[in-house]
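S.K.: For the sequence shown, the positions run 664 to 964 when this note's numbering is used. Backbone N, C-alpha and C fix where the C-beta goes; we use that ideal spot for every residue, glycine too. A quick note: this is a predicted structure, and the numbers were derived from the prediction, not measured. Before anything else, here's the structure in question.
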Amino acid sequence: LVTPYWPGVSVDVHRGWLIQAVAAADDSGDAAMRTAVLANHVGLAMSCADPEAWELVEQLPVQSTDPACLRQAARGLCNAADSAVWLGFYERGADLLAAGRDLSARSGAPYTEHSAMGTRLLQQWWTGRWLGLDKRCEDFVAATADMPFIASDAYVVRGLLAVAQGDWGEARSWLSQQGTFGTEKLPVPLGAAAAGAVIRLALARQEVTAAAEHARAAWKVVADKGVWPWAAELAPWAVEALARAGDGAGAHTMVRNFAQGLGRRDAPAARAALVWSRAVLTETETEAEASAEGRRSGLLE
């Protein structure tokens with residue numbers, strides 16, 4: 664209930680559940696339960712780029728002698744790593760990931776360890792470690808065939824690689840999870856990244872109306888959740904789609920809501936995406952004005 668990744672429920676609801684979970688864990692006196700709640704708190708805070716997120720990571724009992732506490736601490740580290748990578752803290756995310764995977768292996772938490780491998784693929788995508796990445800994604804998909812949710816990171820990364828390589832047919836197949844997992848059920852940041860790539864493909868094919876429709880639907884998922892750093896991979900393409908479709912007001916609203924939602928949060932990837940989105944808006948408006956001026960000049964000749 665505290666974990667914010669799933670579509671639908673607003674982040675404010677998750678924060679409310681966190682307050683109740685912390686109180687219940689404290690009342691229980693159970694160290695493993697308190698660590699489990701702390702691990703969820705870490706994931707929520709880091710996802711939202713809350714200022715206390717990094718301090719919460721330091722509170723994880725990674726030196727505990729209780730195996731149950733260690734497994735929850737490992738989950739907290741891996742949650743933090745995943746969220747940090749989405750924020751754009753690639754080196755810090757890699758450090759957390761290494762620590763989380765090591766602790767997962769030592770404490771006997773195979774599910775957490777597998778989940779961390781998906782985060783590693785995302786980190787390698789964003790840091791340009793593309794050599795052999797396609798095969799690593801495909802191997803991971805094969806190894807987690809009975810766990811389609813865990814494999815979802817690999818599907819999206821493989822799809823993003825296909826987009827970058829111009830293999831559009833392959834891209835659509837991978838981005839749609841090849842039918843193994845409903846894209847509408849994807850974790851919000853992963854769904855937003857996949858949607859951004861699909862919109863990019865539609866724009867490249869001059870399917871502007873379809874791109875705009877997809878942009879509005881994907882944007883609503885992020886906006887309903889309210890974790891604005893997760894709009895980073897979607898925003899520039901969504902703004903371009905609406906602007907090119909003639910919905911300048913909608914594009915402006917997207918940029919304004921993104922900026923307001925992000926506020927002063929320390930989220931490098933989202934901040935770069937906001938600058939990019941504003942630039943796209945300016946570019947498309949300049950092109951539209953130039954086109955309109957050209958038409959007016961033609962009428963006067």
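Using the three-state DSSP reduction, which class does G763 fall into: helix, strand or coil?
M.R.: Walking along the sequence shown from the start, residue 763 turns up at place 100. The answer is helix: DSSP assigns G763 an H, G or I state.
S.K.: On the premise that A747 lies in contact with L759, defined as a C-beta separation below 8 Å, what is that separation, rounded to the nearest angstrom?
M.R.: Counted from its first residue, the sequence shown places residue 759 at position 96. Counted from its first residue, the sequence shown places residue 747 at position 84. With a Cβ gap of about 6 Å, L759 and A747 count as contacting.
S.K.: Can you name, in chain order, every residue of its own chain whose Cβ lies under 7 Å from the Cβ of A895, other than the five neighbours on each side?
M.R.: Against the sequence shown, residue 895 aligns to sequence position 232. Hits under 7 Å: A932, A933 and A936.
S.K.: Would you say S793 and A827 are within 9 Å of each other, going by their C-beta atoms?
M.R.: Within the sequence shown, numbered from 1, the residue matching residue 793 stands at position 130. Within the sequence shown, numbered from 1, the residue matching residue 827 stands at position 164. What sits at residue 793 in the sequence shown is Trp, not Ser. Taking 9 Å as the cut-off, the Cβ atoms of W793 and A827 count as close.
S.K.: Going by other Cβ atoms of all chains shown within 10 Å of its Cβ, with 16 needed for buried, is D675 buried or exposed?
M.R.: As a position in the sequence shown, residue 675 is number 12, starting the count at 1. Exposed, because fewer than 16 other Cβ atoms sit within 10 Å of the Cβ of D675.
S.K.: To which residues of the same chain is R766 closer than 7 Å at the C-beta, ignoring the five residues directly before and after it?
M.R.: If you number the sequence shown from 1, residue 766 lands on position 103. Before going further, note that residue 766 is Leu rather than Arg in the sequence given. Correct list, in chain order: V725, L733, A736, A737 and L740.
S.K.: Taking contact to mean at least 3 C-beta pairs separated by less than 8 Å, is the segment 813 to 823 in contact with the segment 833 to 848?
M.R.: yes
S.K.: So, with DSSP's three-state summary, where would you put Q786?
M.R.: Along the sequence shown, read from residue 1 onward, the residue named residue 786 stands at position 123. In this structure, Q786 counts as helix in the three-state DSSP scheme.
S.K.: Let me check understanding here. Comparing Cα to Cα, which of A814, T947 and D809 lies closest to C800?
M.R.: Taking the sequence shown and counting its residues from 1, the one referred to as residue 800 is at position 137. Comparing Cα-Cα distances from C800 to each of A814, T947 and D809, the minimum goes to A814.
S.K.: Compute the Euclidean distance between the alpha carbons of P850 and A858, then round it to the nearest angstrom.
M.R.: Reading the sequence shown from its first residue, position 187 is the one you call residue 850. Reading the sequence shown from its first residue, position 195 is the one you call residue 858. Distance between the alpha carbons of P850 and A858: 12 Å.
S.K.: Note the first and the last residue of the continuous alpha helix (DSSP H) segment covering Y818.
M.R.: As a first step, residue 818 is located in the sequence shown; it is residue number 155 there, counting from the start. From DSSP, the alpha helix (DSSP H) with Y818 extends over P811 to A827.
S.K.: Hey, R947 and R907 are a contact pair by Cβ (cut 8 Å); roughly how many whole angstroms apart?
M.R.: Counting from 1 along the sequence shown, the entry for residue 947 is found at position 284. Counting from 1 along the sequence shown, the entry for residue 907 is found at position 244. Inspection of the sequence shows that residue 947 is occupied by Thr rather than by Arg. The Cβ separation is near 6 Å, so the contact holds.
S.K.: Kindly indicate which three-state DSSP category E896 falls into: helix, strand or coil?
M.R.: Counting from 1 along the sequence shown, the entry for residue 896 is found at position 233. The answer is coil: DSSP assigns E896 none of H, G, I, E or B.
S.K.: Could you check what DSSP says for S839 in three-state terms: helix, strand or coil?
M.R.: One-based indexing of the sequence shown puts residue 839 at position 176. Reduced to three states, the DSSP call for S839 is coil.
S.K.: If you run the structure through DSSP and keep just helix, strand and coil, what is V732?
M.R.: On the sequence shown, residue 732 is found 69 positions in, with the first residue counted as 1. Rather than Val, the amino acid found at residue 732 in this sequence is Cys. DSSP places C732 in helix when its eight states are reduced to three.
S.K.: With a Cβ-Cβ cutoff of 9 Å, do W939 and A880 count as a contact?
M.R.: The count along the sequence shown starts at 1 and reaches residue 939 at position 276. The count along the sequence shown starts at 1 and reaches residue 880 at position 217. At the C-beta level, W939 and A880 stay beyond 9 Å of one another.
S.K.: Output the distance between the C-alpha atoms of A855 and G692, rounded to the nearest integer angstrom.
M.R.: Along the sequence shown, one-based indexing puts residue 855 at 192. Along the sequence shown, one-based indexing puts residue 692 at 29. Spanning the two alpha carbons is a distance of roughly 39 Å.
S.K.: On a CA-only basis, which of G751, A914 and W893 is nearest A875? Give me that one, please.
M.R.: Here residue 875 is taken as the residue at index 212 of the sequence shown, counted from 1. Nearest option by C-alpha distance: A914.
S.K.: Does P670 come out as helix, strand or coil in the three-state DSSP assignment?
M.R.: Translated into positions along the sequence shown, residue 670 becomes position 7. Three-state DSSP puts P670 in coil, outside helix and strand.
S.K.: Around the Cβ of L905, are there at least 16 other Cβ atoms within 10 angstroms (buried) or fewer (exposed)?
M.R.: The sequence position of residue 905 within the sequence shown is 242, counting from 1. Answer is buried; the Cβ neighbour count reaches 16.
S.K.: Is it true that the segment 676 to 686 meets the segment 698 to 707, where meeting means three or more beta-carbon pairs spaced less than 8 Å apart?
M.R.: yes
S.K.: Helix, strand or coil, according to DSSP, for S727 in the structure here?
M.R.: As a first step, residue 727 must be located in the sequence shown, where it is residue number 64. If DSSP states are grouped into helix, strand and coil, S727 belongs with coil.
S.K.: Exposed or buried, which one is A687 when buried takes at least 16 other CB atoms within 10 Å?
M.R.: The residue you call residue 687 lines up with position 24 of the sequence shown. It is exposed - the Cβ of A687 has fewer than 16 other Cβ atoms within 10 Å.
S.K.: Using a 10 Å radius around the Cβ and a threshold of 16 neighbouring Cβ atoms, would you call M709 buried or exposed?
M.R.: Here residue 709 refers to the residue found at position 46 when the sequence shown is read from its first residue. Its Cβ being crowded by 16 or more others within 10 Å, M709 is buried.
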